[in-house]
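Worksheet for the structure shown next.
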Amino acid sequence: MAALPGASRRTLLRLLAAAAASPLGPARAQGRPLEVIVVGTGLAGLGCARALADSGHRVTVLEARTRTGGRLHTVDFQGVRLDLGGAWIHGPEGNPLTPLADAAGIRRMPTYDARSVMADADGRRLTEAETAAIFDTVGRLIAHDSPYAWRGAADVSLAEAVPLLDPITRTVPYDRRVSRWLAAYVAGYAGGDAAEVSAQGWFGGEGEIPEENHLLDRGYNAITDLLARGLDIRLRHPVRAIRLAGSGVVVATADQAFFADRVVVTLPLGVLKRGDVEFDPPLPAAHQGAIARIGNGLLNKIVLAFPRPFWPPEAHYLRSLSDLRDNAAPELVSLQPHLGRPVLVGLVGGSAAQRIEMLPDPAQVALVMEVLRRMFGSAVPDPTATRVTRWSRDVFARGSYSFLPVGASLADHAALCRPVEGRIFLAGEAATTEAPSYAHGALLGGRRAAREVAASAG
1 MAALPGASRR
11 TLLRLLAAAA
21 ASPLGPARAQ
31 GRPLEVIVVG
41 TGLAGLGCAR
51 ALADSGHRVT
61 VLEARTRTGG
71 RLHTVDFQGV
81 RLDLGGAWIH
91 GPEGNPLTPL
101 ADAAGIRRMP
111 TYDARSVMAD
121 ADGRRLTEAE
131 TAAIFDTVGR
141 LIAHDSPYAW
151 RGAADVSLAE
161 AVPLLDPITR
171 TVPYDRRVSR
181 WLAAYVAGYA
191 GGDAAEVSAQ
201 GWFGGEGEIP
211 EENHLLDRGY
221 NAITDLLARG
231 LDIRLRHPVR
241 AIRLAGSGVV
251 VATADQAFFA
261 DRVVVTLPLG
271 VLKRGDVEFD
281 PPLPAAHQGA
291 IARIGNGLLN
301 KIVLAFPRPF
311 WPPEAHYLRS
321 LSDLRDNAAP
331 ELVSLQPHLG
341 RPVLVGLVGG
351 SAAQRIEMLP
361 DPAQVALVME
371 VLRRMFGSAV
381 PDPTATRVTR
391 WSRDVFARGS
401 YSFLPVGASL
411 ADHAALCRPV
421 EGRIFLAGEA
431 ATTEAPSYAH
441 GALLGGRRAA
451 REVAASAG
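Here the UniProt record's numbering is used: the first residue of the sequence shown is 1, the next is one more, and so on.
Shown next, in the form of structure tokens:
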């Protein structure tokens, strides 16, 4: 277990031991509300805490950061509310986030692939017909009901299952363009490379692609703020250990122990993988195996504001089919048509994101500018402001969202959902069987955990 500055392992063990022996731990009479600790204030944690508090349980939420929201982080940037983490509601119809967005007064802004400017590796702008053909081909290749879907008994990577991704088969320019966009799309969508992503998982539903996606004019934190309203939230409380004690649990931070009947853990997968929180006794083998097998994806953003738009103002996306190994701008989202601001949000995922985030901010921005000037010419102005994310270096996230690599399956998501001794419950975008890796999957996972906690009261 990694120690916090100023907190020794000896201090932590002393807190846990004293807490476990204390007569002041929860002693719940039959039918009384439960004392519940929720760890984390992302959508899973807040969704769970909101549901439990609204049904009469006593809930305390512990959050390591100085803010709520977790991997949803909305900031002010050049006159817009910018989401540095999750940004879209994917598939808004029937999505539980949609009514929350409406209740928070958010204007939902649809984004469409059809409004894309796409450029070849040399910067040549593709025609609308060429762009549409690439999107159509990629859509048919990776749709979850694709005729190319992997049907083999043994799992392979998406790169192996879709031969077009094999460099050996890239024999004509059109195929190269399709394969480059497909590889970039998978890296951004899954947060892992096509050579890692499980074909069985992808074609089994993990890669099912919503047809409609909405950005949020006030950002995702307008939703998390709505969920957090009135809850007992303790910021700057990073949890270091969770112990079963008596009929309840003890949750320890660096210098404080909390007693509860139940704990709901909504830590990111990357934090669980790193072992930053110690469980005593250790999590069951099924949980540990799932944590090890599920992939920890990465998607970073390189955001640039300009003095004026130099790209078509109606474009929703700028996409580059660069042949560079570290293409820092395979996809840029334009905020101009939605918010009237000349801001581009570059998205880079998978191993390219891992390599690029090692560079200083100016070097990352320079890579994006190289792509933009190849697409639109040397007269492209310098940006007036920039912002760069490094989600794998964020010690309270250690990545962006989960994906299924070769060897993992949806059963691993299910394993993470199982309660431990009826007192420890897990939830989050990786600990859900409903839309794993999505923001609404995290919310659904949190609400599922709340139902399980309530049912455990007897």
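For each residue, glycine too, the CB sits at the ideal point set by N, CA and C.
Report the residue from Ile424, Leu72, Ala194 whose alpha carbon sits nearest the alpha carbon of Ser456.
For the purposes of this step, residue 456 is taken as the residue at position 456 of the sequence shown. Comparing Cα-Cα distances from Ser456 to each of Ile424, Leu72, Ala194, the minimum goes to Ile424.
Can you tell me whether residue 500 is buried or exposed? The criterion is at least 16 other CB atoms within 10 Å of its CB, across all chains shown.
The displayed coordinates of the chain run from 1 to 458. Any statement about residue 500 would go beyond what the structure contains.
How many Å lie between Leu318 and Val178 at the Cα?
In the sequence shown, residue 318 corresponds to position 318, counting from 1. In the sequence shown, residue 178 corresponds to position 178, counting from 1. Between Leu318 and Val178, the C-alpha separation is close to 16 Å.
Are the Cβ atoms of Asp155 and Ala222 separated by less than 8 Å?
As a working mapping, residue 155 is identified with position 155 in the sequence shown. As a working mapping, residue 222 is identified with position 222 in the sequence shown. Not closer than 8 Å, so no.
Looking only at its own chain, which residues have a Cβ that is under 6 Å from the Cβ of Ala431, when we skip the five neighbours before and after it?
Counting from one through the sequence shown, the residue named residue 431 turns up at place 431. So the qualifying residues of the chain are Leu416, Cys417, Gly445.
Around the C-beta of Leu215, are 16 or more other C-beta atoms found within 10 angstroms, so that it is buried, or is it exposed?
Position 215 of the sequence shown, counted from the first residue, corresponds to residue 215. Under this definition Leu215 is a buried residue.
What's the C-alpha gap between residue 469 and Arg341?
Nothing can be reported for residue 469: it is not among the residues displayed for the chain, which extend from 1 to 458.
Measuring alpha carbon to alpha carbon, tell me which residue in Leu97, Trp181, Asp122, His316 is nearest Thr137.
Numbered from its first residue, the sequence shown carries residue 137 at position 137. Ranking the options by Cα distance to Thr137, first place goes to Trp181.
Could you tell me the boundaries of the beta strand (DSSP E) in which Pro110 lies?
In the sequence shown, counting from the first residue as 1, residue 110 sits at position 110. Per DSSP, Pro110 belongs to the beta strand (DSSP E) from 108-111.
Does the distance from the C-beta atom of Leu227 to that of Gly47 stay below 8 Å?
Counted from its first residue, the sequence shown places residue 227 at position 227. Counted from its first residue, the sequence shown places residue 47 at position 47. Contact flag set, yes.
Tell me whether Glu331 is buried or exposed, calling it buried when 16 or more other Cβ atoms sit within 10 Å of its Cβ.
Reading the sequence shown from its first residue, position 331 is the one you call residue 331. The residue in question, Glu331, is buried, as its Cβ has 16 or more Cβ neighbours within 10 Å.
Sort out for me which residues DSSP pairs Asn95 with in a bridge.
Working through the sequence shown from its first residue, we reach residue 95 at position 95. None; Asn95 has no bridge partner.
Rounded C-beta distance between Val333 and Leu347? I'm assuming under 8 Å.
Within the sequence shown, residue 333 is the residue found at index 333, counting from 1. Within the sequence shown, residue 347 is the residue found at index 347, counting from 1. The pair is a contact, with the Cβ atoms about 7 Å apart (cut-off 8 Å).
Taking the beta strand (DSSP E) that Arg262 falls in, what are its first and last residues?
Taking the first residue of the sequence shown as 1, we reach residue 262 at position 262. First-last of the beta strand (DSSP E) with Arg262: 262-265.
Mind reading off the beta-carbon distance from Gly40 to Leu267? Whole number of angstroms is fine, and I expect it under 8 Å.
In the sequence shown, residue 40 corresponds to position 40, counting from 1. In the sequence shown, residue 267 corresponds to position 267, counting from 1. The pair is a contact, with the Cβ atoms about 6 Å apart (cut-off 8 Å).
Checking 8 Å against the spacing of the C-beta atoms, do Gly349 and Gly219 come in under that value?
The sequence position of residue 349 within the sequence shown is 349, counting from 1. The sequence position of residue 219 within the sequence shown is 219, counting from 1. Not in contact: Gly349 and Gly219 (Cβ atoms no closer than 8 Å).
Run through DSSP, which three-state label would Pro337 get?
For the purposes of this step, residue 337 is taken as the residue at position 337 of the sequence shown. Pro337 falls in the helix class under three-state DSSP.
For chain C, check one thing: does any of its Cβ atoms lie closer than 8 Å to the Cβ of Ile424?
Absence of chain C from the displayed structure is noted, only one protein chain being present.
The beta strand (DSSP E) spanning residue 460 covers which residue range?
In the structure as shown, the chain begins at 1 and stops at 458. Residue 460 is therefore absent and cannot be evaluated.
Express the C-alpha separation of Ala190 and Gly441 in angstroms, rounding to a whole number.
For the purposes of this step, residue 441 is taken as the residue at position 441 of the sequence shown. For the purposes of this step, residue 190 is taken as the residue at position 190 of the sequence shown. Approximately 14 Å between the Cα atoms of the pair.
For Asp361, which residues from the same chain have a beta carbon less than 6 Å from its beta carbon, with the 5 sequence-adjacent residues on both sides left out?
Along the sequence shown, one-based indexing puts residue 361 at 361. Excluding residues within five positions, the ones whose Cβ falls inside 6 Å are Val388.
CA-CA distance, Thr98 and Pro337?
Taking the first residue of the sequence shown as position 1, residue 98 is located at position 98. Taking the first residue of the sequence shown as position 1, residue 337 is located at position 337. Their Cα atoms are separated by approximately 21 Å.
Please go through the same chain and pick out, in chain order, the residues whose beta-carbon is closer than 6 Å to the beta-carbon of Val277, but skip the five residues on each side of it.
As a working note, residue 277 is residue 277 in the sequence shown. Val239, listed in sequence order.
Using DSSP bridges, identify the partner residues of Arg327.
Here residue 327 refers to the residue found at position 327 of the sequence shown. Residue identity check: residue 327 is Asn in the sequence provided, not Arg. Partner(s): none; Asn327 has no beta bridge.
Please report how far the alpha carbon of Glu357 lies from the alpha carbon of Ser400, in whole angstroms.
Against the sequence shown, residue 357 aligns to sequence position 357. Against the sequence shown, residue 400 aligns to sequence position 400. If I take the Cα positions, the gap works out to 13 Å.
Buried or exposed: where does Arg393 fall if 16 or more other Cβ atoms within 10 Å of its Cβ makes it buried?
The residue you call residue 393 lines up with position 393 of the sequence shown. Exposed, since its Cβ has fewer than 16 Cβ neighbours within 10 Å.
Within this structure, are the beta carbons of Gly42 and Leu72 separated by less than 8 Å?
One-based indexing of the sequence shown puts residue 42 at position 42. One-based indexing of the sequence shown puts residue 72 at position 72. The answer is yes: Cβ separation under 8 Å.
Spatial neighbours of Asp113 within its chain, please: C-beta separation below 6 Å, excluding the five flanking residues on both sides.
In the sequence shown, residue 113 corresponds to position 113, counting from 1. Phe135.
Can you give the beta carbon distance from Ser409 to Gly86, rounded, assuming they're within the 8 Å contact cut?
Translated into positions along the sequence shown, residue 409 becomes position 409. Translated into positions along the sequence shown, residue 86 becomes position 86. Rounded, the Cβ-Cβ distance is 24 Å, inconsistent with contact.
Just to check my reading of the structure: Val345 and Val303 have Cβ atoms closer than 8 Å, yes? What is that Cβ distance to the nearest angstrom?
Within the sequence shown, numbered from 1, the residue matching residue 345 stands at position 345. Within the sequence shown, numbered from 1, the residue matching residue 303 stands at position 303. 5 Å between Cβ atoms; contact.
My output table needs one value for Phe396: the three-state DSSP class, helix, strand or coil.
Within the sequence shown, the letter at position 396 stands for residue 396. Residue state, collapsed to three classes: coil.
Under a Cβ-count criterion, where at least 16 other Cβ atoms within 10 Å of its own Cβ denotes burial, should Val162 be classed as buried or exposed?
On the sequence shown, position 162 is the one that residue 162 refers to. Val162 is buried by the Cβ-count criterion.
Please tell me whether Asp217 and Met109 are closer than 8 Å, where the distance is taken between their beta carbons.
For the purposes of this step, residue 217 is identified with residue 217 of the sequence shown, where counting begins at 1. For the purposes of this step, residue 109 is identified with residue 109 of the sequence shown, where counting begins at 1. Yes, Cβ-Cβ distance for Asp217 and Met109 is below 8 Å.
For a test of the three-state rule: what should DSSP assign to Val138, helix, strand or coil?
On the sequence shown, residue 138 is found 138 positions in, with the first residue counted as 1. Correct three-state label for Val138: helix.
Express the C-alpha separation of Asp326 and Leu372 in angstroms, rounding to a whole number.
Along the sequence shown, read from residue 1 onward, the residue named residue 372 stands at position 372. Along the sequence shown, read from residue 1 onward, the residue named residue 326 stands at position 326. Leu372 and Asp326: Cα-Cα distance of roughly 15 Å.
Whose C-beta lies closer than 8 Å to the C-beta of Arg308 among residues of the same chain, with five residues either side of it excluded?
Here residue 308 refers to the residue found at position 308 of the sequence shown. Counting only Cβ-Cβ distances below 8 Å, and skipping sequence neighbours, we find Pro342, Pro381.
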